[in-house]
Amino acid sequence: MGISFSLTDAEKNFLSRQARMSIEAGLLGKAVPSIPEPPDTLNRLQAPLLRPLGAFVTVTLNRTLRGCIGNIVGREPLYKSVWHLAAAAAFSDPRFSPLTLEEWRKAELEISVLGALQSCPNPEKITVGLHGLVLQWQGHSGVFLPQVPVDQGWGRLEYLDNLCLKAGLPKGCWREPGVDLFCFEAFVFPA
Numbered sequence: 000m001g002i003s004f005s006l007t008d009a010e011k012n013f014l015s016r017q018a019r020m021s022i023e024a025g026l027l028g029k030a031v032p033s034i035p036e037p038p039d040t041l042n043r044l045q046a047p048l049l050r051p052l053g054a055f056v057t058v059t060l061n062r063t064l065r066g067c068i069g070n071i072v073g074r075e076p077l078y079k080s081v082w083h084l085a086a087a088a089a090f091s092d093p094r095f096s097p098l099t100l101e102e103w104r105k106a107e108l109e110i111s112v113l114g115a116l117q118s119c120p121n122p123e124k125i126t127v128g129l130h131g132l133v134l135q136w137q138g139h140s141g142v143f144l145p146q147v148p149v150d151q152g153w154g155r156l157e158y159l160d161n162l163c164l165k166a167g168l169p170k171g172c173w174r175e176p177g178v179d180l181f182c183f184e185a186f187v188f189p190a
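Per numbering that gives the first Met the number 0, the very first residue in the sequence shown carries number 0; after that it's consecutive.
This is the structure we're talking about:
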């Protein structure tokens, strides 16, 4: 397991600008005719910006979650995905009202670009802070990015139990036969 890509500072800066421009366009009610493409200097054939990688955009306000939306598996080039996910995190996370201009002035953004999702048959090999998790069982599912248990101060067992709760399932269900548990790593940076 691991991340099959890296991001240069220029690529991280481009993705950060994408996320910020998307949110600002939404706040100002401006329609953008097309999503800005990476400049030719970043437009290499195998560049991560052009790959359909999973990603999440997280908005926090005073270190408190204000919105987080993502895709575990990429469906479009990363640069387009970050554009769409930033707007969704700011304005469409069903847990929160849409972000306001006043809040935006104080908000912080974080982008997580995900590596490949892999089966995790041995939960004892989960490393807090390194592995993000997806749990699926009986029509329920839950996901946590690798930074969540660190931010919450959870150990491995608390991480797994809280993942069950997030999926709407009882604590400890991760031990049940038939539970699908997946791990991934993520490249996380402030936007």
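We put the CB at the ideal spot given by N, CA and C, even for glycine. Predicted model only: the values in this text are computed from it and were never measured.
Ranking Cys182, Asp160 and Ala166 by CA distance to the CA of arginine 174 puts Asp160 first. The region 151-171 makes no contact with the region 63-77, as fewer than three CB pairs between them are under 8 Å.
Per DSSP, reduced to three states, the secondary structure at histidine 83 is helical.
The residues Ala18, Leu84, Ala85, Ala88 and Ile110, in chain order, have a CB closer than 6 Å to that of valine 56 in the same chain once the five nearest residues on each side in sequence are set aside.
Bounds of the alpha helix (DSSP H) holding valine 147 are 146-151.
Straight-line spacing of the CA atoms in proline 169 and lysine 11 works out to 38 Å. Unbroken beta strand (DSSP E) stretches of 3 residues or longer found wholly inside the region 69-131: 106-113, given in chain order. Residue nearest to leucine 60 within the set Phe186, Ala166 and Glu101 is Glu101 (criterion: CA-CA distance).
Pairing asparagine 121 with serine 140, the inter-Cα distance amounts to about 18 Å. Lysine 79 places its beta carbon 8 Å or farther from that of isoleucine 22.
Counting only residues of its own chain and dropping the five nearest sequence neighbours on each side, glycine 171 has a CB closer than 7 Å to the CB of Asp160 and Cys163.
Under DSSP, alanine 166 takes part in no beta bridge, so it has no partner. About 15 Å separates the CB atoms of valine 133 and alanine 54; that is not less than 8 Å, and the two are not in contact. Distance from isoleucine 2 to glutamate 123 at the Cβ level is roughly 22 Å; contact not present, criterion being Cβ atoms closer than 8 Å. Shown here for alanine 30: same chain residues with a beta carbon closer than 8 Å to its own, the five before and five after excluded, namely Ala24 in chain order. It is roughly 45 Å from the alpha-carbon of proline 176 to the alpha-carbon of threonine 99.
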